[in-house]
Amino acid sequence: MIGIADALNRHIASAQVALLGVIAEVDRRRAWQDSGARDVAHWLSIRYGMSWWKADRWIKAAAALHDLPGITGALETGVLGIDKVVELCRFATAENEGELIGWASDATCAAIRRRADLEVRAAPDETTEFERSRSLRYWYEDGGRRFGLEARMPSAQGAIVAKAIERVVDQIPRMPAEVDGMFIEARRADALVALCSQRIAADADADRATVVVHASLSALAGRRNAETDHGAVLPPEALQRLACDARVQVVAENDAGDAISLGRTRREPSASMIRQLRHRDRGCRFPGCGSTAFANAHHIVWWSRGGATDLGNLLLICGFHHRLLHEHGWTVERADAGRVRWFRADGSRYRGGPERATSHPHQDEFLDTG
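By our numbering, the letter at position 226 of the sequence shown is numbered 240, and the numbering carries on one by one without gaps.
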């Protein structure tokens, strides 16, 4: 059976060589005109149901094979398949085709294509088209509860974007239930949000860099969703965390949708207060963390609930533990002498380090360091 398959493959390969020769002749004579096609690639796509990309590769290979007898023979005898040949024809010459045939026999199609991509210099007009057609668009879907983002740009620019996102991914701790090797796309989304949050927070134009949120009194009380002026729907937990991560102005509205008050737009600590906060806390105040990566000021009594922007109501908390507070139900409170206490979502007290056996009636007082 294998012998039969090999024989049929050689027969098909020989026919493909003949077909490529005819395609080159059709192109030379422009025999495709008056067929309703725009060009020979379009004609092949219409007539034989192949993609434009494949048709374009075949046309260029058909023209190149005239000067590549070695590769033509390798295809005709089944030594090389058509997919390898069309990629080799992009960069092979009469001088190096013998060497390339031996290499391509063992190489994968992907490896040959990659080498061709590196060997063939893009035409200036193609490079210009890639630059001209760059784009980024975003939209809201699922009733405003989900955000979509799509970008197209030259690979050199994309490499910068990818590197920036991956560098931030490396610095973001994994959330609960995230396993190594999994959730990488979710972590990239987190990294993009972190980059954008930092940019907004650092913007000197407070008015244009403010996210406006429209919230009914029920939404402010946590019983309904709010929405931004761009139509994004925010559940209460997201609203509270957004108030910490970026400039936000909340427009409180009555049931008729009429604005009844404007919330405060100055929730950010001053630069001097941030310096004092970083000097005091040194890093994230979660027990045993101390991370300084993406550590920001957090209001113990949330700013949206009337918490003051002063040192007594602020803690330095990294992005990971910030999400524990806003989306995983954890809480934190300030104790005496500058100490803080953390509580799990079930209300139980959290302490860093191993469990301790109580052997002294006042041991909890000695160990109450947050």
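Cβ coordinates follow ideal geometry from the N, Cα and C atoms, glycine included.
As assigned by DSSP and simplified to three states, the class of Glu389:
Missing from the structure shown is residue 389; the chain here goes from 15 to 384 and no further.
Three-state secondary structure assigned by DSSP to Leu328
strand
Presumed contact (8 Å Cβ cut-off) between Arg148 and Met167, rounded CB distance
4 Å
Candidates Trp57, Lys177, Arg160: closest to Arg44 by CA position
Trp57
With a threshold of 16 other CB atoms inside 10 Å of the CB of Glu39, please say whether the residue is buried or exposed.
exposed
In DSSP terms, what Val247 is bridged to:
Glu241
Spatial neighbours of Lys74 within its chain, please: C-beta separation below 8 Å, excluding the five flanking residues on both sides.
Val100, Cys103, Arg104
Thr345, DSSP secondary structure in three states
strand
What residue from Pro301, Cys298, Thr345, Ile288 has the CA that sits closest to Asp324's CA?
Ile288
Which residues in the same chain have their Cβ closer than 7 Å to the Cβ of Leu206, if we skip the five residues on either side of it in sequence?
Ile179
Using CA coordinates, which residue listed in Val227, Glu267, His244 is at the minimum distance from Ala252?
Val227
Drop a sphere of 10 angstroms on the beta-carbon of Trp153, count the other beta-carbons inside from all chains shown, and report buried for 16 or more, exposed for fewer.
exposed
Nearest-angstrom Cβ-Cβ length linking Trp72 and Leu34, presumed shorter than 8 Å
7 Å
Look at Ala76 and Asp41 and say whether their C-beta atoms are less than 9 Å apart.
yes
Tell me the residue span of the alpha helix (DSSP H) that contains Arg71.
66-78
Cβ atoms of Trp344 and Pro301: under 9 Å apart, would you say?
no
Would the beta-carbon of Gln290 be found less than 8 Å away from any heavy atom of the ligand FAD?
With respect to small molecules bound, the structure shown includes none, and the ligand FAD cannot be examined in it.
What residue range is occupied by the uninterrupted beta strand (DSSP E) comprising Glu113?
Not the beta strand (DSSP E): Glu113 falls in the alpha helix (DSSP H), residues 111-120.
Let me make sure I understand the geometry here. Which of Ala233, Val225, Pro250, Gly157 has the alpha-carbon closest to that of Asp243?
Val225
Examine chain C for any beta-carbon lying closer than 9 Å to the beta-carbon of Arg363, and answer yes or no.
This model lacks chain C altogether, as it is built from one protein chain only.
With respect to the alpha helix (DSSP H) encompassing Leu33, which residues constitute its N-terminal and C-terminal limits?
16-43
With DSSP as the reference, label Trp356 as helix, strand or coil.
strand
Burial state of Ser286 (16 or more Cβ within 10 Å):
exposed
Any idea what DSSP makes of Phe144, helix, strand or coil?
helix
To the nearest angstrom, how far is it from the Cα of Leu163 to the Cα of His336?
25 Å
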